[in-house]
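Okay, structure first, notes after.
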């Protein structure tokens, strides 16, 4: 009986976490292991999921989207708008300083990722801008008529 109650509490907590995280829980893929180079030092035990927390704010003139991308540089991500979806894609590369060490904790995810964020209204993709500072990507999307597909350069 106690175990059942504990399980219900754990299950409820897990569902609450998933509902609050929304799409922030992001899957990282590591590519085909058969294609790995022999000198690739990345361990097979990488986590495949990580939280890329984000927020969306609507002002009078713009929709602002911010996504935390720790460990990345602006050149590691690509942003596109397709209809009413903002896509953030990128790759977090594993960089190991030495091959003669052992990891005891490996909680950071590496590999390719993609987030799709539904926009609340039409935006002017041709006037969109993006910046990257302190591990946070900020995309400014002026409200207006939308283009079908557009890639946004990150400054």
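In the numbering used here, the protein residues as written are 14 to 168.
All residues carry an ideal CB built from backbone N, CA and C; glycine is no exception.
By DSSP, does residue i sit in helix, in strand, or in coil?
i	result
residue 110	coil
residue 154	strand
residue 168	coil
residue 115	coil
residue 129	strand
residue 84	coil
residue 54	Interpretation of residue 54 is limited by its pLDDT of 43, a score under 50 that renders its predicted location unreliable; the figure taken from the coordinates is listed afterwards. If DSSP states are grouped into helix, strand and coil, residue 54 belongs with coil.
To the nearest angstrom, report how far apart residue i and residue j are at their CA atoms.
i	j	result
residue 155	residue 130	16 Å
residue 80	residue 104	14 Å
residue 3	residue 157	There is simply no residue 3 to check, as the chain begins at 14 and stops at 168 in what is shown.
residue 151	residue 78	6 Å
residue 68	residue 23	27 Å
residue 113	residue 125	26 Å
residue 86	residue 168	11 Å
residue 164	residue 91	8 Å
residue 89	residue 21	41 Å
residue 101	residue 121	19 Å
residue 29	residue 111	40 Å
Under a Cβ-count criterion, where at least 16 other Cβ atoms within 10 Å of its own Cβ denotes burial, should residue i be classed as buried or exposed?
i	result
residue 116	exposed
residue 73	exposed
residue 76	buried
residue 65	buried
residue 148	exposed
residue 128	buried
residue 118	exposed
residue 26	exposed
residue 96	exposed
Measuring CA to CA, which of the options is closest to residue i?
i	options	result
residue 140	112, 102 and 93	93
residue 136	153, 89 and 124	153
residue 84	111, 69, 146 and 29	146
Would you mind stating whether residue i and residue j have Cβ atoms separated by less than 8 Å?
i	j	result
residue 99	residue 132	yes
residue 166	residue 138	no
residue 123	residue 106	yes
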